[in-house]
Every structure is written in C-alpha cells, then in structure tokens.
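*Asks:*
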Amino acid sequence: MSRCLSLYIAGTDTGAGKTRAALALMRALQEQGLCVSGMKPVASGARQIQGRLRNEDALLLQEQSTPALAYELVNPYVFAPALSPHFAANLSGTAIDLEVIAGCAQRLQEQSQALIIEGVGGWRVPWGDALEAAHLVHRLTTPVILVVGLRLGCINHALLTAEAMQRDGVSMAGWIASHLEANYAGADLTLADLRARLPAPLLGELPWQPDAGPGTAAQALELQPLYRAFGLALPEAEGKTCI
Numbered sequence: 163m164s165r166c167l168s169l170y171i172a173g174t175d176t177g178a179g180k181t182r183a184a185l186a187l188m189r190a191l192q193e194q195g196l197c198v199s200g201m202k203p204v205a206s207g208a209r210q211i212q213g214r215l216r217n218e219d220a221l222l223l224q225e226q227s228t229p230a231l232a233y234e235l236v237n238p239y240v241f242a243p244a245l246s247p248h249f250a251a252n253l254s255g256t257a258i259d260l261e262v263i264a265g266c267a268q269r270l271q272e273q274s275q276a277l278i279i280e281g282v283g284g285w286r287v288p289w290g291d292a293l294e295a296a297h298l299v300h301r302l303t304t305p306v307i308l309v310v311g312l313r314l315g316c317i318n319h320a321l322l323t324a325e326a327m328q329r330d331g332v333s334m335a336g337w338i339a340s341h342l343e344a345n346y347a348g349a350d351l352t353l354a355d356l357r358a359r360l361p362a363p364l365l366g367e368l369p370w371q372p373d374a375g376p377g378t379a380a381q382a383l384e385l386q387p388l389y390r391a392f393g394l395a396l397p398e399a400e401g402k403t404c405i
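Each residue of the sequence shown is one higher than the last, beginning at 163 in the numbering used here.
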C-alpha cells in the first residue's frame, strides 16, 4: 500500500470551523499535486437528498476530494437529528463501530496521497457508550490538528482540549486559528497567548470571509511547520492519478 499522509481535524467546539479548515488543508495539499481524500466518519444533522440522508459538511468534503469518492466512504455514519452523535446514534438504533470507520479510512488511504479526517463536535463528545475521537486516532495512528474558533472563551477551550489530547496520548501536529467574528477585539492578544501556550505550531489563520471558497482559505495555511513538527514528508505520487 502506498504511503498516505493522514491527519485528524479536531475542534475546540461545535462551530469552530473544522470543515472550513479541512477543506482549506485539502486544497493546499492538492495545490502541491497530491490526490487528497476527505472523510467525516460520523455526522449528525442531515437531510434527505434523493431518498438518502446526506450531511452538508460531508458533501463538501466529498466534492473537494480527488479522485471522486462514494459518499458512504466519506461519511459511513450519518444521522438526521443535529444532536451529539451518541444521542443521534441511539435514537436511530445504531451502534457506531470503530472497525467500520477504520475500514473506510484504510480504503481511502489506499487510493490517496493524503487523507483529511474531520471530527464531529469537540474532542470529548462521545460517539457511543465507550467510543470517542481518541479511539479512532489511536486506531489509525493519526496526528491531530486542532481548529481554534477565535471568540471570547476560546483560550480556555483550546487549552483544555490540548490537555485532554495529551492525557489521551495523542500527537498534536499543529493548530489553525479560525476567525468566527468580523471584529473580535481580542484576536491579536488571543493568538499571541495561544502561540505561547499550545504545544504545537500555528499553521495559519483563516480570516473572517464566510463566503470565500477553499482556495482563498488555503492561501492562509503554512504547511512546513506541520512537516517539521512530526517529520512528515509529502508522499510521492507513485503512479496514482487524481480524477
């Protein structure tokens, strides 16, 4: 199996900007010539499209992926109610199976040079009675990128999330700042403080541009600190064709 650079995108909370960061990272890697797949293993909050449940964030990841992917690989578990995933799964009578998710991830890794996996909610949100994000990260030995939504209270959320990751034995490869407000007065002070306190490099600031596409957001990212932090290197194409 060809090498695949795999990264898990976690957030300080729901609405922190995980999807935007994931799409920007995918686009940045694609601009370096890589075949990049996106994945959202678990998604709650979906609507019927042509008779099948579809989550909007997962659809965006599917659309950004090269080569084209089946929705079921991108998002193996999707639930209609916009609830914590363990609540949504229980209401539907479904048990989220780690091995099903890992199997989908491994199939994506086999056909990609990079796989960007977007989490659901915050780091500690349960996926089931005894399942959460850390279990998948350990199963796939995947470094984590933390997306910090810049707003009042985010320093606490970011530091607690980083501490939880450390206790879980998870490698934090970097973090991305996501501007959630047009004029957050504490943005500069917050960024400086988090750069001093978080145990990983800042990979970029996603500006407040709600209507901007992944190409614009990708320009805000710097990937070299990511490679240096974990000794990562861009995989070679090895004959794969992105369609």
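Positions of the beta carbon are idealized from the N, C-alpha and C atoms, including for glycine.
At which residue ranges does the stretch 345-377 contain complete beta strand (DSSP E) runs of 3 or more residues, listed in the order of the chain?
*Replies:* 364-368
*Asks:* How do the stretch 308-319 and the stretch 264-275 stand: do at least 3 beta-carbon pairs fall below 8 Å, yes or no?
*Replies:* no
*Asks:* Suppose the cutoff is 6 Å on Cβ atoms and the five residues either side in sequence are ignored; what does the same chain contact list for Ala250 look like?
*Replies:* Ser206, Phe241 and Pro243
*Asks:* Quick check for students: name the residue ranges of the beta strand (DSSP E) that lie wholly in the stretch 197-247, counting only runs of 3 or more.
*Replies:* 198-201, 204-206, 209-211, 214-216 and 239-241
*Asks:* Spell out a yes or no on whether the stretch 336-350 and the stretch 285-294 are touching, meaning 3 or more CB-CB pairs, one atom from each, closer than 8 Å.
*Replies:* no
*Asks:* Given Leu160, which residues of its chain have a CB within under 6 Å of its CB, disregarding the five upstream and five downstream residues?
*Replies:* This structure does not reach residue 160, given that the chain is present from 163 up to 405, and the question cannot be answered.
*Asks:* Please return the same chain residues whose Cβ sits closer than 7 Å to the Cβ of Arg301, not counting the five positions on each side in sequence.
*Replies:* Leu260 and Ala264
*Asks:* With DSSP as the reference, label Val309 as helix, strand or coil.
*Replies:* strand
*Asks:* Consult DSSP for Gly177 and reduce its assignment to one of helix, strand or coil.
*Replies:* coil
*Asks:* Would you mind reading off the limits of the alpha helix (DSSP H) that contains Leu302?
*Replies:* Run containing Leu302: Ala295 to Leu302, per the alpha helix (DSSP H) assignment.
*Asks:* Going along the chain, which residues of its own chain have a beta-carbon closer than 7 Å to the beta-carbon of His319, five neighbours each way excluded?
*Replies:* Thr174 and Asp175
*Asks:* Could you pull out every residue in the same chain whose Cβ sits closer than 7 Å to the Cβ of Ala190, ignoring the five residues on either side in sequence?
*Replies:* Residues Ala380, Leu383 and Leu385 of the same chain have their beta carbon placed closer than 7 Å to that of Ala190, with the five preceding and five following residues left out of the count.
*Asks:* Counting pairs of Cβ atoms below 8 Å between the stretch 190-203 and the stretch 348-360, do you hit three or more?
*Replies:* no
*Asks:* Could you pull out every residue in the same chain whose Cβ sits closer than 6 Å to the Cβ of Met163, ignoring the five residues on either side in sequence?
*Replies:* Reliability of the predicted coordinates at Met163 is poor, the pLDDT of 35 falling under 50, and no value is obtained from them.
*Asks:* Just the Cα atoms here: how many angstroms apart are Ala230 and Gln224?
*Replies:* Roughly 7 Å separates the two Cα atoms.
*Asks:* Let me confirm a value: Leu314 is counted as buried when at least 16 other C-beta atoms fall within 10 Å, else exposed. Which label applies?
*Replies:* Only exposed fits Leu314, as fewer than 16 other CB atoms lie within 10 angstroms of its CB.
*Asks:* Among residues of its own chain, excluding the 5 on either side of Trp370, which ones have a beta-carbon nearer than 7 Å to its beta-carbon?
*Replies:* His341, Glu343 and Ala344
*Asks:* Can you say whether Leu351 is buried or exposed, counting buried as having 16 or more other CB atoms within 10 angstroms of its CB?
*Replies:* exposed
*Asks:* Leaving aside the five residues before and after Leu353 along the sequence, list all residues of the same chain whose C-beta is less than 8 Å from its C-beta, in chain order.
*Replies:* Counting only Cβ-Cβ distances below 8 Å, and skipping sequence neighbours, we find Leu312, Ala339, Leu364 and Glu367.
*Asks:* With distances taken between CB atoms, is the gap from Gln226 to Leu185 smaller than 7 Å?
*Replies:* For Gln226 and Leu185, yes; Cβs fall inside 7 Å.
*Asks:* His248 to Gly283, Cα distance in whole Å?
*Replies:* 11 Å
*Asks:* With a threshold of 6 Å on Cβ separation, who are the neighbours of Ala399 within its own chain once the five nearest residues in sequence on each side are excluded?
*Replies:* A caution first: Ala399 carries a pLDDT of 49, below 50, which makes its placement in the model too unreliable to give a value.
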